[in-house]
Amino acid sequence: MHSFRRWLLAGLVLCLGAFGLTGCGQVDKTFHRPNLVVLTPEQSRLIILDSAANRILLADRQFRYQGEIAVPEGNKIWGLDITPDNEIAITNRREEVQAFTEEERQASSVAEVLFYSMSGAVTNHLQWKGGDGPINTPAAIRCLPDGTFWVSDFQLNKLVHFDRAGNVLSTFGTFGYDPGQIYYPNDFTIASDGRILVSESYNFRLSLFAPDGTFLRTFGEKGWDEGKLMFPQNVVYDSQGNMHVTEMSTMRISTFAPDGRFLRATYPLKQGMEAEYLQMFGLAVASDTGEMFVADSLNGQVYVIASDGRLVRSLSGLD
210 MHSFRRWLLA GLVLCLGAFG LTGCGQVDKT FHRPNLVVLT PEQSRLIILD SAANRILLAD
270 RQFRYQGEIA VPEGNKIWGL DITPDNEIAI TNRREEVQAF TEEERQASSV AEVLFYSMSG
330 AVTNHLQWKG GDGPINTPAA IRCLPDGTFW VSDFQLNKLV HFDRAGNVLS TFGTFGYDPG
390 QIYYPNDFTI ASDGRILVSE SYNFRLSLFA PDGTFLRTFG EKGWDEGKLM FPQNVVYDSQ
450 GNMHVTEMST MRISTFAPDG RFLRATYPLK QGMEAEYLQM FGLAVASDTG EMFVADSLNG
510 QVYVIASDGR LVRSLSGLD
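Structure below.
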């Protein structure tokens, strides 16, 4: 509990020059396993979860460092989004005490959602303990214009709609392999009309649901060929309604049209990258240029990919 209190206090101040052991004034701008990236609503800033450095990085579109917010070591943050009020929202799972058995881990587990101002202040904190709440292993989070938000739970195989106070508004999803069922909802994104597109890593597909959770259709199927999916990870819509999804096994980004037609596959490894393997997770698409920003956790890189799939830049840190 004391470590968590220190985290909350640390979150009250935006770190503007102290990271690791380098001391105040020595800013480390290098990426350390970045895994999530989002754009602010006005498209002017990038928010990057730099997981191994236990921080959230703030940068402008030219990748100039604008600050960072410390997050605690040993936590499992897999959700990152921006609210309509320009707050940073994250999901997290942690253990209050050191646990050695599955029963102890479950009893001490805390699932939570935290909101930060851009200056680092904690503006809202919701938590559920001991696996008894509506979520147990929170993954992605998506914030809606009305201030409510959705969270996926990859262990419970469902999505939950919350209000700002943490009250459950609705939920959908049951475990299974059939269309309409869900297996490991690693990520999801929400279209402008409210439809929810879920990336199911272990069902090797994208599933589309109506705003009320009614199943509509699936996209993709298991396979190595282009147009198929192998362990899809994070997914995002662009301004044209196209769907972009990172894949673990194929190390590519697959793009589908709004009607599900396969459009293209983007392979950073085939465009001059020197790495042997990639581990691409989070991605964001700029609505003004169509540029894509993709986090490669394994190689500590963020890629900038043009709207036609060309790799424009590969960055190992901020300026």
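So in the working numbering, the last one in the sequence shown is 528, and the numbering has no gaps at all.
Backbone N, C-alpha and C define an ideal beta-carbon position, used for all residues, glycine too.
Cβ neighbour criterion (16 or more within 10 Å) applied to residue i
| i | result |
| --- | --- |
| L230 | Its pLDDT being 35, under 50, L230 is placed unreliably by the model, and the measurement read from it follows with that caveat. It is exposed - the Cβ of L230 has fewer than 16 other Cβ atoms within 10 Å. |
| W433 | exposed |
| G232 | Note that G232 scores a pLDDT of 46, beneath 50, so its modelled location is shaky; the value from the coordinates is reported in the next line. Result: exposed. |
| V521 | exposed |
| N284 | buried |
| R532 | Beyond the ends of the chain as shown, which are 210 and 528, falls residue 532; an answer cannot be given. |
| T239 | exposed |
| Q449 | exposed |
| T475 | buried |
| A493 | buried |
| R461 | buried |
| S458 | exposed |
| A419 | exposed |
| S260 | buried |
| G356 | exposed |
| G481 | exposed |
| S318 | buried |
| P347 | buried |
| D456 | The sequence shown places Glu at residue 456, not Asp. So E456 ends up on the buried side. |
| D237 | buried |
| F228 | Here F228 scores only 40 on pLDDT, less than 50, and its place in the model should not be relied on; the value that follows carries that caveat. Per the 10 Å Cβ criterion, buried. |
| L218 | Unreliable placement is indicated for L218, whose pLDDT of 43 sits below 50; the coordinate value is still reported in the next sentence. Answer is exposed; the Cβ neighbour count stays below 16. |
Reference residue i; option with closest CA among the options
| i | options | result |
| --- | --- | --- |
| P281 | T292, L266, A262, Q275 | A262 |
| N301 | G403, G329, E312, H334 | H334 |
| L415 | T423, R519, P441 | P441 |
| Q390 | I399, L417, G375 | L417 |
| V331 | R426, N295, Y512 | N295 |
| N242 | Q488, R473, G518, S496 | For clarity, residue 242 is Arg in the given sequence; the question names Asn instead. Checked all of Q488, R473, G518, S496; the closest Cα to R242 is Q488. |
| E483 | L472, S523, M457, T427 | S523 |
| N376 | G329, F413, V322 | V322 |
| N345 | M457, V444, G385, R303 | R303 |
| Y393 | L248, F428, F413, L245 | F413 |
| Y386 | K479, E409, I399, F490 | E409 |
| V511 | S328, L353, L255, R314 | L255 |
| I286 | R404, G491, G499 | G491 |
| D532 | D237, Q235, V236, L245 | One cannot answer for residue 532 here, as it falls past the ends of the chain, which runs 210 to 528. |
| R404 | M452, Q235, D290, K437 | M452 |
| I291 | C352, G329, Y411 | C352 |
| V513 | N395, M439, R270 | R270 |
Whole-angstrom distance between residue j and residue i, CA atom to CA atom
| i | j | result |
| --- | --- | --- |
| R464 | E430 | At residue 464 the sequence reads Thr, which differs from the Arg that was named. Roughly 14 angstroms between the two C-alpha positions. |
| Y486 | P477 | 10 angstroms |
| I278 | L365 | 29 angstroms |
| P293 | I350 | 13 angstroms |
| L258 | I265 | 5 angstroms |
| T423 | Y325 | 32 angstroms |
| D362 | L425 | 20 angstroms |
| G518 | W337 | 41 angstroms |
| E402 | D468 | Looking at the sequence provided, one finds Asp at residue 402 rather than Glu. Spanning the two alpha carbons is a distance of roughly 15 angstroms. |
| L507 | D341 | 34 angstroms |
| E312 | E305 | 13 angstroms |
| E435 | L472 | 9 angstroms |
| M501 | G526 | 17 angstroms |
| T249 | D447 | 14 angstroms |
| M327 | V444 | 24 angstroms |
| A466 | K479 | 23 angstroms |
| L276 | A268 | Strictly speaking, residue 276 in this sequence is Gly, with Leu absent from that position. So the alpha carbons of these two residues sit roughly 7 angstroms apart. |
| S253 | F371 | 27 angstroms |
| S516 | V503 | 13 angstroms |
| Y411 | V454 | 14 angstroms |
| G499 | F428 | 22 angstroms |
| P354 | P388 | 29 angstroms |
| A400 | V407 | 11 angstroms |
| D497 | Q235 | 34 angstroms |
| V360 | R314 | 21 angstroms |
| G509 | R470 | 32 angstroms |
Expected contact under 8 angstroms - CB spacing of residue i and residue j to nearest Å
| i | j | result |
| --- | --- | --- |
| F397 | L378 | Contact doesn't hold; Cβ gap of about 16 angstroms is too wide. |
| A316 | G339 | 6 angstroms |
| F358 | A298 | 7 angstroms |
| P343 | T383 | Contact flag wrong, Cβ pair sits at about 15 angstroms. |
Beta-bridge pairing of residue i - partner residues as DSSP gives them
| i | result |
| --- | --- |
| D362 | P347, K367 |
| I291 | I297 |
| G526 | T239 |
| P394 | E409 |
| M489 | D505 |
| W337 | A320 |
| A474 | S463 |
| T427 | S416 |
| T380 | V369 |
| G276 | L267 |
Any C-beta of chain B under 8 angstroms from that of residue i
| i | result |
| --- | --- |
| H241 | In summary, chain B is missing from the structure at hand, where a single protein chain is found. |
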